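Counting in UniProt numbering, the sequence shown runs from 1 upward without gaps. Worksheet: one structure, shown below.
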Amino acid sequence: MSPALTRSAPSELNHWWSQLRFLNRSPNPPTPTSPSGALGETALHVAVMADNLDAAVALMDAAPDLINEPMTAEIFQGVTPLHIAVVTQNINLVRHLIGRGADVATPRVTGLFFRKRRGGLVYYGEHILSFAACAGNKDIISMLIDAGASTRVQDDRGNTVLHILVLQPNRTSACQALDLIMARDAELDQLVPLDMMPNNRGLTTFKLAAKKGNTVVFQHLVNKRRVVQWSMGPLTSVLYDLTEIDSWADNMSVLELIVVSPLREPRRILELTPVRQLVNLKWNMYGKHYFRALLFLYLLYIWIFTVCCVFRPIKEAPENYTTNPNDKTVMIQKTLNESYVTHADHMRLVGEIISVLGAVVILLLEIPDMLRVGAKHYFGQTALGGPFHVTLISYACLVVLLCVFRVCSVQAEAEVMAMCLVLGWTNILFFARGFEMLGPYVIMIQKVMFGDLMKFLFLIVIVDIGYATLWMVYMTQEYGTLNEYSSYPSILWAEFEINLALINMPENPTYVTPLIVYVVQVAYTIFAFVLLVNLLIAMMCETQVRVAQERDELWRTQVVATTLMLERRLPRRLWPRLGMCGLSYGLSDSWYLRETVAFSTTYLCTYQIAQAAQIAYRQPLHFRLAPTRPVFKSRHEKHFCLRLLTHQNSCLSILLSCCCSTVCSLCSFYVSVVLIVLVMLLFLNVLHK
């Protein structure tokens with residue numbers, strides 16, 4: 001309720017209580033009516049809100065019509081006394097309301113205060129059971145279900161009680177209420193489990209927890225679905241249900257929702273079991289091999305396109321080609337009939353056909369993904385590729401435009417070719433996401449370019465425009481005094497170069513320069529070069545620190561996005577489904593991922609390390625450093641320390657193996673680049689001959 005209504009509750013309660021006593025003392029009491037307050041509340045609403053059981057019972061006995069009377073104000077539309085009672089968790093009051101005929105199934109709250117909206121503070125759903133579930137009182141939840149409240153009610157967004165629990169801040173209480181409601185719903189023996197019911201956006205409880213980054217509820221649901229296969233001492237073999245997690249047969253899986261989410265919290269789910277194991281399995285078995293093959297194919301393609309641009313069909317310009325004395329062009333583009341005559345032209349034609357077909361294939365692959373995800377997420381998410389998709393689509397469109405120019409003999413190929421070459425070679429940075437050392441740094445470059453650099457350019461443009469007007473004093477000098485300041489656009493460019501310390505301040509000592517020019521130019525240098533440039537450096541350092549803190553999350557998100565991209569575009573026969581079918585183990589037809597966990601060993605080792613640290617800390621310093629003192633007091637301590645050393649050695653070996661694998665990956669990348677360069681050189685030699 002609103003604060004104003006809460007503060008006025010005692011006075012309102014006294015007013016309604018006096019009216020009720022007057023009605024009871026009257027020998028012929030009038031017919032009870034249900035007048036309402038400013039917010040549409042009745043006397044029973046005020047009594048329940050004040051948590052006054054005696055007044056509420058007296059009101060229910062005197063005016064039974066008030067029990068199911070909802071509030072009528074727009075902000076609290078549909079709130080009944082039972083809604084308020086379950087939120088305040090007054091069990092006795094809830095029992096009296098239900099015993100006197102309170103409806104537990106029909107009332108729905110549609111007021112603005114309780115709607116899910118931007119800036120909203122409370123979202124408890126619409127039904128009384130969802131209000132009770134958000135309050136977290138198990139006795140009240142059971143009481144409502146026993147009274148006839150349905151566990152499968154949905155609000156106007158299609159959210160069930162479980163969906164609403166996912167969105168609550170108290171996640172421990174939400175898990176407890178979720179267990180109770182699912183247990184009571186299982187007694188109904190429905191065909192579709194309650195946690196598999198989707199809302200209006202097609203999200204189940206499990207998927208909504210992943211989208212919102214609710215790791216507690218997500219892990220809780222994973223543990224409820226897992227099946228313990230066997231347990232032997234400290235080892236336990238667990239089968240994790242991959243339903244809704246694996247993207248192999250689900251276009252809106254948990255992995256897909258995590259990748260397209262702009263929030264940071266969903267990325268933390270990639271650290272949880274079995275999502276982490278599934279992602280590692282997909283990447284190591286298929287993803288990284290196909291991705292490196294795609295890198296090799298793209299390098300070969302862009303080299304072919306580059307060779308075609310270098311050996312483009314050109315000829316010597318005629319004598320009177322241009323009347324501009326500053327135009328020194330000596331080679332011009334050939335016409336279409338002159339472009340394909342010799343054997344070298346025919347070989348170049350093969351490369352041009354490959355280039356155009358490659359551009360068409362790029363458009364056919366990129367445009368459906370853009371329409372599926374949406375242009376805002378597709379081009380704005382750094383994990384999905386972000387600017388590289390813009391680069392690749394622009395490159396493909398320009399290649400198609402270049403083909404049209406060649407057919408129509410348009411004399412503008414050079415400019416389009418230059419743009420294509422820059423975009424095509426820049427897109428190679430996209431493949432850095434396949435390497436753990438390079439992927440996060442490419443994201444950092446993107447964040448610096450489209451975040452820090454944009455702010456810097458906005459400020460520097462404003463400053464340049466302001467200080468460029470300084471040189472209006474030269475407009476009274478002879479034309480050609482300073483060529484850098486001959487026009488306003490050239491002045492802006494010169495000021496930008498001075499700002500970056502690329503040139504000194506242009507000055508002609510043979511002409512008089514006003515003193516104000518030097519004064520204002522010094523101020524410009526201090527403000528633009530010293531202040532703004534160093535501010536840009538500070539912002540870039542802050543971005544680097546922030547990206548470094550999210551390094552592992554960003555790398556894993558890039559791996560998932562790349563894996564999903566390859567999985568969608570490759571045939572099913574090249575990407576088999578991972579895991580094992582549950583029918584082989586007498587379970588459902590869902591697919592499972594097996595994981596062997598050593599629960600007891602981990603706990604015991606942690607406990608022993610803590611105990612050892614505590615014992616070592618309590619010993620005096622001269623005892624710990626005495627050379628004649630035995631290192632181990634007992635055989636148990638000796639074995640335990642040997643286990644610690646073995647664990648450290650294993651960690652070092654794992655670190656060395658990771659370093660070796662990284663070095664091998666980079667070596668294979670550079671070897672592939674060298675091989676492509678050699679192939680291109682041979683191709684150039686053939687063309688030259």
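C-beta atoms are modelled at their ideal positions from N, C-alpha and C, and glycine is treated no differently. This one's a predicted model, so the numbers in the text were calculated from it and none came from an experiment.
Rounded to the nearest angstrom, how far is the Cβ of residue i from that of residue j, given a contact under 8 Å?
i, j, result
"Trp555", "Gly439", "5 Å"
"Leu423", "Thr391", "5 Å"
"Ile140", "Ala177", "No, Ile140 and Ala177 are not in contact; Cβ-Cβ is about 10 Å, not under 8 Å."
"Glu265", "Ser253", "At roughly 18 Å, the Cβ-Cβ gap does not stay under 8 Å, so Glu265 and Ser253 are not in contact."
"Ile128", "His96", "Going by Cβ atoms, the distance from Ile128 to His96 rounds to 15 Å, so no, they are not a contact pair."
"Leu188", "Ala174", "Incorrect: roughly 22 Å between the Cβ atoms, too far for contact."
"Leu272", "Gln219", "6 Å"
For residue i, does the count of other Cβ atoms within 10 angstroms reach 16, so buried, or fall short, so exposed?
i, result
"Arg108", "buried"
"Ile526", "exposed"
"Pro576", "exposed"
"Ala414", "exposed"
"Cys541", "exposed"
"residue 690", "Nothing in the structure corresponds to residue 690, since the chain is present only between 1 and 689."
"Gln154", "buried"
"Gln190", "exposed"
"Thr329", "exposed"
"Gln333", "buried"
"Leu278", "buried"
"Thr602", "Only weak support is given to the placement of Thr602: the predicted model assigns it a pLDDT of 42, under 50, and the value that follows is read from those uncertain coordinates. When all chains shown are included, Thr602 counts as exposed."
"Val558", "First, the amino acid is wrong: residue 558 is Gln here, not Val. Result: buried."
"Glu69", "buried"
"Asp156", "exposed"
"Gly451", "exposed"
"Val259", "buried"
"Ile516", "exposed"
My output table needs one value for residue i: the three-state DSSP class, helix, strand or coil.
i, result
"Glu74", "coil"
"Lys328", "coil"
"Met252", "coil"
"Arg433", "helix"
"Thr106", "coil"
"Met197", "coil"
"Ile245", "coil"
"Val122", "coil"
"Ile67", "coil"
"Val461", "helix"
"Leu212", "Reading off the sequence, residue 212 comes out as Lys, not Leu. Correct three-state label for Lys212: helix."
"Val222", "helix"
"Val79", "coil"
"Val192", "coil"
"Ser409", "coil"
"residue 712", "No answer is possible for residue 712: the residues shown for the chain start at 1 and end at 689."
"Leu438", "coil"
"Leu423", "helix"
"Gly351", "helix"
Measuring alpha carbon to alpha carbon, tell me which of the options ends up nearest residue i.
i, options, result
"Ala344", "Val361, Phe311, Thr322, Glu316", "Phe311"
"Leu167", "Gly148, Arg117, Arg152", "Arg117"
"Phe76", "Val57, Gly40, Val87", "Gly40"
"Ala538", "Asp464, Leu453, Ala494, Thr469", "Leu453"
"Asp195", "Thr172, Pro169, Arg225, Tyr488", "Arg225"
"Ile498", "Leu515, Tyr467, Pro514, Tyr585", "Tyr467"
"Ala105", "Ala47, Ala50, Ile145", "Ile145"
"Lys447", "Val547, Asn284, Ile460", "Val547"
"Asp369", "Ala149, Leu593, Arg569, Val161", "Arg569"
"Glu495", "Val216, Val463, Leu515", "Val463"
"Gln549", "Ile443, Trp493, Arg406", "Ile443"
"Val361", "Asn200, Leu336, Val400, Met347", "Val400"
"Pro571", "Ala55, Thr160, Tyr286, Asn427", "Tyr286"
"Val530", "Gly582, Asn92, Phe456, Trp493", "Phe456"
"Leu398", "Val416, His389, Ile304, Gln411", "Val416"
"Asn427", "Cys403, His389, Thr80, Val461", "His389"
"Ile181", "Leu578, Lys138, Val597, Lys211", "Lys138"
List the residues that DSSP assigns as beta-bridge partners of residue i.
i, result
"Met232", "Leu235"
"Pro338", "Note that residue 338 is Glu in the sequence shown, not Pro. DSSP, once it has assigned bridges, lists no residue as partnering Glu338."
"Val597", "Thr236"
"Tyr592", "Asp241, Met580"
"Ile98", "DSSP, once it has assigned bridges, lists no residue as partnering Ile98."
"Lys315", "Ile332"
"Val517", "Its beta-bridge partners do not exist; DSSP assigns none."
"Val533", "Paired residues: none, contrary to the question."
"Val227", "Leu239"
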